[in-house]
Amino acid sequence: MRTVVIFTGALRTVKKTISYFKKHVLLRPNIDIFVCVQNDTKESDESWSAWFREQLGKAMLSIQWYSHEAYPDWVKHRDRQISYMTIEDSWKNYLRTSGSMIEYFQLQLAYMAMCQHEQRNGFRYDYLVRARTDSIYAKPLDFHWLFWNEAQVAVRMDRIKEELIESSIDPTPENQLKYFMCTILSDDVLPNLERIFADYRPCEAETILDEELTPKRLHSFIQKGRYILTLRKNNLYVVRRSLFYMIPTLGTMYGFLRSPQADPWWFNAEGQFRDACYYSGMSIFDYSTLYEEKSLEYANRWNEADFFDLQFRLINPMMLYCVVRK
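Everything in the sequence shown is counted per the numbering used here, starting at 11 for the first residue and increasing by one.
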C-alpha cells in the first residue's frame, strides 16, 4: 500500500509537532510527503528547507513556499472569488485576512506536485493523509482497520454496542456505524465514548444502512466504501486517494461549493470542506471531543500543560489529535 501525506501550514510550532509526525505518521518506508508551508518566522526559507530535509529525509519529495509575494496572481484571484460570494462584507474581510482560503491554496499546490509525481511515474497512491504543521495525530496512523477480517469487525461491533449502552446512547444501526467509524483510528478512545462528538454525514448514494448492518457488510464498507475519516472537521483527515479530487480544487474555487446540506456558515473553511466532500460523493465520519477542541483556543489562551507534561508527552491517552498553538 502506497501512502502520501500532504503537509501544510505555518511554521511557528512545527519544531514541537514534528516528533509526533515522525512517530505516528511516518510508520512505513513507502510513505511520500509533499510539503507546502508559509514562513511566519525570522529564519530563511532556505534554512527551513534544510531543516525539513534533515527531519523527513528521502520521504519528502517536494517542498513549496507560499507567500503573498510569491503568488500575487492568486491573491488577485482570491479577491475576485470573494467579490462574487453572497455574504456580508464583514465575512468577506474575514476570508481576506484569515488563513481559511490560504490553507486550501497550499493544499492545492502540494496536490499538484503530488499529481505530477504520480503521472511521471505511472501510478496512483492508495491512501492520502492530510497533516498540519501545528497539529498532531495522537495515535499511530497505521491503517490497521484495513487488515481486519470479518471476525475482527464483528468483535469490534459488539464492543461498540456495549460501550453505547453503557454510555446511555441508543445503539441504533446508525449510531453503531457512526461510532465504529469515527473511532476507527484507535480503540484507546472507546472508554471515552460518551464524551465523543461523533458526526456522520452520509453522501446521497450511501447504502450501508439500507440493509442490516452485519460484520460482512461493514467489512466490505471499510475496504471499499466512499468515506473520509476526519478529526475536528477539516483539521486532519485520511481518505482513499481515488476519492480525493474535489477537495484540492478549493484552492481556486473556494466559495463556489454550496450543497443542499450546507449550513449558514457554508463559506467558512469547514463548510467548504464538507460541501466538497458532498460533491465528491463521500460520506464523512468526524471525530472530536470537548477536551481536544480546547486545543484550538487562540494562542493567548492556549496552555501547553493542559495537554502535555514537561517532556512534551501527551497526558491524556484517550485522544486522537491535538493542535499546538505555541
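Every residue gets a Cβ at the ideal spot worked out from N, C-alpha and C, and that includes glycine. Note that the structure is predicted; figures quoted are calculated from it, not measured.
Excluding the five sequence neighbours on either side, which residues of its own chain have a C-beta within less than 7 Å of the C-beta of residue i, listed in chain order?
i	result
D55	N49 and W75
R140	I16, L246 and Y247
E173	L200 and L203
E160	P225, K226 and H229
H127	L71
L267	Q282, D285, A286 and Y289
I73	V45, S59 and F62
P181	K171, L174 and I175
A215	G291
Y121	I16 and P258
A164	P225
What residue does the alpha helix (DSSP H) around residue i start on, and which one ends it?
i	result
M70	Looking at the DSSP string, M70 is not in any alpha helix (DSSP H); the run it does join, the beta strand (DSSP E), is M70 to Y76.
Y121	S110 to N131
Y30	V24 to H34
F62	D55 to L66
R106	D99 to T107
E314	Element bounds for E314: n/a, residue is neither H nor E.
K188	P183 to C192
If residue i sits next to residue j, beta carbons under 8 Å apart, how far is it from one beta carbon to the other, in whole angstroms?
i	j	result
L187	I218	6 Å
R134	R251	6 Å
L151	V35	5 Å
I41	Q65	Not a contact, Cβ separation roughly 14 Å.
K336	T51	About 13 Å separates the two Cβ atoms, so there is no contact after all.
L253	M292	5 Å
S305	F317	6 Å
I43	A80	Actually they are not in contact, since the Cβ atoms of I43 and A80 sit about 21 Å apart, beyond 8 Å.
Can you give me the Cβ contacts of residue i inside the same chain, cut-off strictly under 6 Å, excluding the 5 residues immediately before and after it?
i	result
D209	D296
I325	D319
K26	V334
R12	N40, Y135 and D136
W276	R268
Determine whether the Cβ of residue i lies closer than 8 Å to any Cβ atom of chain B.
i	result
F266	Looking for chain B here will not work: only one protein chain is present.
What does the Cβ neighbour count give for residue i, buried or exposed, with the cut at 16 atoms within 10 Å?
i	result
S100	exposed
N278	buried
R166	buried
Y331	buried
L195	buried
Q321	exposed
G261	buried
A60	exposed
W84	buried
G265	buried
I257	buried
W155	buried
M345	With the chain represented from 11 up to 336, any question about residue 345 goes unanswered, as that position is not in the structure.
Q8	Outside the shown range of the chain, which is 11 to 336, sits residue 8, and nothing can be said about it.
G19	buried
Q116	buried
Y237	buried
F231	buried
R130	exposed
K33	exposed
P212	buried
T193	buried
Terminal residues of the continuous beta strand (DSSP E) containing residue i?
i	result
A80	It is not in any beta strand (DSSP E) - A80 carries neither H nor E in the DSSP assignment.
F17	T13 to A20
D42	I41 to Q48
Y5	No information on residue 5 is available, as it lies outside the stretch 11 to 336 that the chain covers here.
Y210	I206 to R211
If you drop the 5 nearest sequence neighbours on each side, which residues of the same chain put their C-beta closer than 8 Å to that of residue i?
i	result
S77	Q48 and N49
F31	F17, A141, I146 and Y147
Q118	P258, T259, L260, G261 and T262
Q271	R211, R284, D285 and Y288
### Task
Please go through the region 214-301 and give each complete beta strand (DSSP E) segment of 3 or more residues, from N-terminal end onward.
As far as the region 214-301 is concerned, its whole beta strand (DSSP E) runs of at least 3 residues are 237-241, 246-250 and 293-299.
### Query
Along the chain, which unbroken stretches of the alpha helix (DSSP H) at least 4 residues long are found entirely within the region 139-172?
None, since the region 139-172 contains no complete alpha helix (DSSP H) of that length.
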